[in-house]
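These protein sequence lines are chains A and B, in that order.
For the first sequence, position 697 (counting from the first letter as 1) is numbered 697 according to our numbering, and the numbering increases by one without interruption.
Counting from 1 along the second sequence, just add 1000 to a position and that's the residue number in our numbering.
We put the CB at the ideal spot given by N, CA and C, even for glycine.
Small disclaimer: the values here were computed from a predicted structure and weren't measured.
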Amino acid sequence: MTITKTQRDILGASALRPDGVAKVQGDFSFSSDLHAENMLWGATLRSPHPYARIISIDVSEAWKIAGVECAITADDVPGQLTYGLISEDQPVFAKDFVRYMGEPVAAVAADHPETCRRALAAIRVEYEVLEPLTDPERAIDGSHADIHPDGNIIRRQRIVYGDPTATAPIVVEGTYDIGMQDQAFLGTESALAIPDHDGAGIEVFVATQWLHEDRKQMAKCLGLPEDKVRLVLGGVGGAFGAREDISLQVHTALLALRTNRPVKMQYGREESFFGHVHRHPAQIWMKHHATNDGRIVKIEARFVFDGGAYSSTSSAVLINGVTHTQGPYQCPNAIVDGYATRTNNPPCGAMRGFGVVQACFAHEGQMDKLAAATGIDEVEIRLRNIIHTGDTMITGQVLESVAPVERCIRETAAMPLPEEMNLHPHELDLPGGSGLTADRRHIVRGIGWGVSMKNLMYSEGFDDYSTARCTLKNGAVELKFATSEVGQGFVTLAPQIARSVLGVDSVTYDTIDTQIGSAGSTSASRQTWMSGGAVDGACRLVRERLFEHVGKVHGIESLRLGIDDTDIIDTIGDFRISVQEATADLTISETFEYHHRPTEDLDENGQGNCHVAFAFVAHRAVVDVDVELGLVKVVQIATAQDVGRVLNPMSVIGQIEGGIAQGLGLAVMEEIIVKDGKVRNPSFTDYLLPTALDAPQVVISMIEEPDPQAPMGAKGVGEAPCISVTPAIVAAIRNAIGKPIDRCPVRPQDICF
Amino acid sequence: MNQHEYYSLTVNGEPHIVQDAWIGESLLYVLRERLGLPGSKGACEQGECGSCTVYIDNAAVCSCLVMAATAVGSHIATVEGLNVDGSLTDVQVAFITEGAVQCGFCTPGLVMAVHHLLDHNDSPNDQEIKEALSGNICRCTGYGRIFAAVETVISVRKGSAS
C-alpha cells in the first residue's frame, strides 16, 4: 500500500511524520538499536541503600572475569566529580556517601550484558548504613542532620502580594497530596559512545531532550573541552521530562575513553526507574478567602515539593508551583510559602507539567470546596473568578498572553455528555474491566471539573534560545537544528514552516547534533515557539535574500515580491516565477537564533516578571466508580484548549490525547511507592500505566486565538493537556461517592474507607 | 560467554544460525543483537508492554519472555517480515496517516498486534479492539489515534471486500 497526499504540507495541514514510514516498519534507529564494530556493553552498579557511608569499594574481582574490559568508580572520573542542571550537586559516582537507593557507585564494560551482570555482582562495596531522611518536614524543621554539603533545603520561595491581612466571609482550606509519578517513556535510557581515534575526544549517540546541555555537563566531568565532545541525537523513545537530566551519558563516555572502544549502555526497565528523576511528590496546603458570591479575595498556601537526594530542577519546579498558586483565576491578595526539600528519597525533577500539575491539583480542589461552601456550581464559580489578559498575577507580573479562559470553560461545558450507562453494560466498559469484578448495582457515575494555566518556556531570567539554519538550493530546502525530536513532532513541523515561508515542497533536515548552536530543551512546551521561531526566522532571512536576488534579476523592487503557493509573485504586478525556477543554480543559507523576551528573577517576596507566556485549558471528566471495590473507569474527558493557532491538527490532537492519558494515570493508578527511602514497585508489573482499556472517550475543542507574542501565533500544546485533567477526574470521583478525596492517585482504599 | 555451540531459528521464513550464544538469551535479544533484526523493541523485559511482540507459529507473544533456544523448530515472524515486497501494509499506512505514531517505540509491537487481531477477527467491535491492544502500552498517544488507525483499516478492508 502507498500513502497518497492531496494537499501541500504547509502550516495548518495535518502533515505526516517524516519518520513515520521507518517507525511502522521497525526501521527507525532508536538509540538502543545502535551498534558499532568491536563494541562493549556498559552497566552500572547502584546502591541498595537510601543512605549509607561508603567504607570501601573493591572492583578487583570484577576485573578477573573473562570478558570484562573495565571497571570504574569515582576515583576514575578525570574532571569534575559532580554534575547537575541547575546546581552541580550530584556525583558522577558516589564516593563517600550514597544518598538514594539506586545511586551509581561503579560501572563496568564487558563483552556481553550477562558478563556485565556478573561483573557488577563481583564488586564488593562495604557500606555503613545510616538512618535515611525520608520526611520532607524533617528537612524543613532541621531535626535531621544535613545529608549533603548543600543542606537539606534546596530552595525556599515566598510570595507576598497585596494585603496579607485581608479576609472574607467564606473560607475554605485543604491539604492536598500528589504522588510521585514516573515519566515511563517506553525507550529506556541508552547511549553509544565512540572514542576518537586519537583518544582525545568522543562522539556520543544518545536519547536526550537537550544535546548542548548534556555536552556541557559531560565535558566538565570528562575533563575535555566542549568541542571534543560531539553529541548526536539517538532515536528517542519518549521523554516527558525524564531525559532532561544526565543519566548514563558520563558513564558511557568514561568507559569508552578508558577502554578506547565503543561502549553501549542501555538501562533495563527496573534500572530506568532508578536512572532518572520523577515528578515531585508534593503536599500543598491552601486556604481560600472569598466573598459570599464566590469571588476570591485572598489565597494562603504552603507548598512542600520533595526533591529527593539531589537538586536536579527542583528549584525551578518549586517556582512553577508557587507562582501558579492562583491558577487561571484573579487573586488580589496572597501569602505563599514554598519549599523544595532534600531527602534520601529518589531524586525528582522534570516531568510534563513541571510543578504546575501539583499546584493545579490543589487550586482546583479548592475551587470545588469554594463551590460547595457558597452553593454556586463548579462551572459558575470558576467563571466568576477567571483571569484575563491585562490582569496582574500574585507575582506582580501582568498577564500579557492571550487568555481565552472563559471560552475554554464554556466550550468544554457545551460538549455533549456521554450516554448514560445502560442496565447491562459490556463488562469491559465497567470499572475493573477484564477483571470482571463489577456489579452494575455498585457503579456510580460522577462529573468533575479542572481548569488550569501553564507557563511556556523557561523562566527567571533564563535565555533558553534556539538556533536553526535554512539552506535553499535548487528549489529544495535543508534545515539544520539541534532540537531533540522525542516524539512530539518537531521534525514534522519544521518542514511545514519552511514550505509555508519559502514556497518549496522538498524539505529535508540534517542530522540532529551539536554541530550547530543550541536549540534548548524539548521541554516546557517550548519547541514550537522557540525552535519553530528559529526555523521561521532562518527561512525568512533566506526569503529576503531570495527576493533581493529575483528582484535584481527581473528588475522589480524586492519589497513588492511575495510567495504564492510555490511561486514568487509581484504582489502589485503580473510577474510570476516558480521558486524552483528562481533558485536554479542558487544557494542561499542563513542561520537564525530565536530568543524570547527577557524575564526576571523573583525577589524575596516572590515579585517579578518571571514567566514568558501562558496557555490555558479546561477539562471535564466523567467517571464510573465501583463504590464497593474502589475501582474507577474514566468514561469521557471533554477539553477545550488554548492553542493559539493550530499548525498541525493531527499533531495537536495527538498531544492532547496523550497528555490526558498521562493525567489520567496520575489521577487513578500511577505512583512510585517509596517506603523508608526504598522504591517498592520499579517495574511495569507494579507501576501501573494506562492501557487501551483505560483510554476514555476524548472530545476536543482547539481554541485558536493567535498570540501576538508567539512567532507563528501558536502556543506550545504539550503540557496543558495533562495538568487539569487529573483534578477533574478526582473531582468526578468525589462527585460520584460524595466523600472528600484530597490526594492523587486515588486508591481503592481512598474510595472505600 | 561463548558456549561454542549453535542452534538454528526460522525467522520470517529464513533459517538463521545462532552461533556461540549464551543459552540464557531471550528471543528478543537474539533477534536484535545477533540476527540484525532490531524492529522488535525491549521496554519492560517482563511481558507487560508488548513492544517486543512477534508471532511464534502464528501466536502473538512477547519475545522478551521466550528463551531463544526454545524457539528452535518454530516459525518466528517479526515486524521486518511484514514488508517483504517493499510496500507498507494497510495497518502500517493507517498508523502513519491517522497519527498513531509519535515516538514510535511501541509502534512495531502494536502493528504486529493489530495485524494479529484483524487476521483473526475482520470486524472487531470497540471492546474487542481495546482488549486485543491492551497488552501493548503506548505512552505518547493516549491510544486515540491508534483506535482511529484500526477503524480505518477495518473500514477500508470492508470497502474493498464489497
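Cβ of residue i within 7 angstroms of any chain B Cβ
i                         : result
valine 277 of chain A     : no
glycine 353 of chain A    : no
methionine 457 of chain A : no
aspartate 624 of chain A  : no
valine 356 of chain A     : no
alanine 692 of chain A    : yes
leucine 479 of chain A    : no
histidine 426 of chain A  : yes
arginine 17 of chain A    : yes
glycine 658 of chain A    : yes
arginine 269 of chain A   : yes
glutamine 209 of chain A  : no
Which residues DSSP lists as bridging residue i, in chain order
i                         : result
tyrosine 267 of chain A   : Paired residues: none, contrary to the question.
lysine 287 of chain A     : A/Glu173 and A/Glu300
valine 68 of chain A      : A/Ala110
asparagine 455 of chain A : A/Phe614
glutamine 785 of chain A  : Only positions 1 to 753 of chain A appear in the structure, and residue 785 of chain A is not among them; the question remains open.
leucine 231 of chain A    : A/Val204
aspartate 601 of chain A  : In DSSP, aspartate 601 of chain A forms no bridge with anything.
aspartate 1119 of chain B : Aspartate 1119 of chain B is not bridged to any residue.
isoleucine 723 of chain A : According to DSSP, isoleucine 723 of chain A bridges with nothing at all.
glycine 26 of chain A     : Per DSSP, none; premise fails for glycine 26 of chain A.
Beta carbon proximity, residue i to chain A, threshold 7 angstroms
i                          : result
glycine 1104 of chain B    : yes
isoleucine 1137 of chain B : yes
isoleucine 1076 of chain B : no
glutamine 1019 of chain B  : no
leucine 1133 of chain B    : yes
cysteine 1213 of chain B   : Outside the displayed range of chain B (1001 to 1162) lies residue 1213 of chain B, so it cannot be described from this structure.
Own chain residues within Cβ distance below 6 angstroms of residue i, not counting five before or after
i                      : result
glycine 355 of chain A : Val317, Asn320 and Gly321
valine 398 of chain A  : Thr392
glycine 396 of chain A : Gln607
With 16 other Cβ atoms within 10 Å as the buried cut-off, status of residue i
i                            : result
lysine 220 of chain A        : buried
serine 484 of chain A        : buried
isoleucine 1129 of chain B   : buried
serine 412 of chain A        : Inspection of the sequence shows that residue 412 of chain A is occupied by threonine rather than by serine. With 16 or more Cβ atoms within 10 Å of its Cβ, threonine 412 of chain A is classed as buried.
phenylalanine 481 of chain A : buried
methionine 453 of chain A    : buried
alanine 94 of chain A        : buried
tyrosine 594 of chain A      : buried
phenylalanine 753 of chain A : exposed
valine 1072 of chain B       : exposed
leucine 423 of chain A       : exposed
tyrosine 1055 of chain B     : buried
glutamine 181 of chain A     : buried
threonine 1070 of chain B    : exposed
methionine 1 of chain A      : exposed
Residues of its chain near residue i, where Cβ-Cβ distance is below 7 angstroms and the 5 sequence neighbours each way are ignored
i                            : result
proline 1015 of chain B      : Ser1008
histidine 49 of chain A      : Val98, Met101, Tyr127 and Val129
leucine 428 of chain A       : Ser434 and Leu693
alanine 256 of chain A       : Ala193, Ile194, Pro195, Ile202, Pro262 and Val263
arginine 295 of chain A      : Arg384 and Asn385
phenylalanine 575 of chain A : His554, Ile556 and Ile569
leucine 541 of chain A       : Glu590 and Phe592
alanine 106 of chain A       : Leu45, Ile57, Val59, Ala71, Ile72, Thr73, Phe93 and Ile123
Closer than 7 angstroms at the beta carbon, the chain B residues around residue i
i                     : result
valine 250 of chain A : Chain B residues near valine 250 of chain A: none, gap ~24 angstroms exceeds 7 angstroms.
Under 8 angstroms by beta carbon: chain A residues contacting residue i
i                          : result
isoleucine 1023 of chain B : Per Cβ cutoff of 8 angstroms: no residues; isoleucine 1023 of chain B is ~10 angstroms from chain A at best.
8 angstroms CB neighbourhood of residue i in its chain, flanking five on each side removed
i                           : result
aspartate 96 of chain A     : Arg53 and Ile54
alanine 1113 of chain B     : Gly1050, Thr1053, Ala1060, Ala1132, Leu1133, Gly1135 and Asn1136
glutamate 604 of chain A    : Arg158
phenylalanine 28 of chain A : Asp19, Ala22 and Gly235
alanine 359 of chain A      : Ile284, Phe303, Asn320, Gly321, Val322, His324, Thr325 and Gly327
Proximal residues of chain B, C-beta to C-beta of residue i below 9 angstroms
i                         : result
threonine 2 of chain A    : Ser1087, Leu1088 and Val1093
glutamine 527 of chain A  : Here the premise fails: no neighbours, minimum Cβ distance about 14 angstroms.
isoleucine 653 of chain A : Gly1099, Gly1144 and Arg1145
Listed by chain order, chain A residues near residue i by CB distance under 7 angstroms
i                         : result
threonine 1097 of chain B : Ile3 and Leu16
threonine 1107 of chain B : Lys23 and Val24
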